[in-house]
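Accompanying notes for the structure given below.
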Amino acid sequence: METLTIKVTDEKALKALREMEEKHLIEIIEHFVPDSLALPGSEINEEDIRKWADRAELAPSISLNEARLRWEIRKKKIQQTGK
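When you line the sequence shown up against my numbering, it's residues 1 to 83, in that order.
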């Protein structure tokens, strides 16, 4: 499995990619985070983990109540559309 980052500049091309996604040939990640440790890829080392922790500590946070509210909204969308 490979992860690629591309910029699509044509609606026809995007439509073709969406069709491939519907056939489960590819997965489109709407909000890609470069060097995300959540995605499959090469092994990570100690330095990668330190960088990841540093970025996480600087990231904005939300309250537990806000997280629950966002999840409920997202869960409803998933249940309605399957995405």
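All residues carry an ideal CB built from backbone N, CA and C; glycine is no exception.
In this structure, the alpha-carbon of H31 lies about 18 Å from that of T81.
Shown here, A59 sits in coil according to DSSP, grouped into three states, outside any helix or strand.
Distance between A67 and K77, taken at the CA atoms: about 15 Å.
Here the alpha carbon of K7 sits roughly 12 Å from the alpha carbon of I29.
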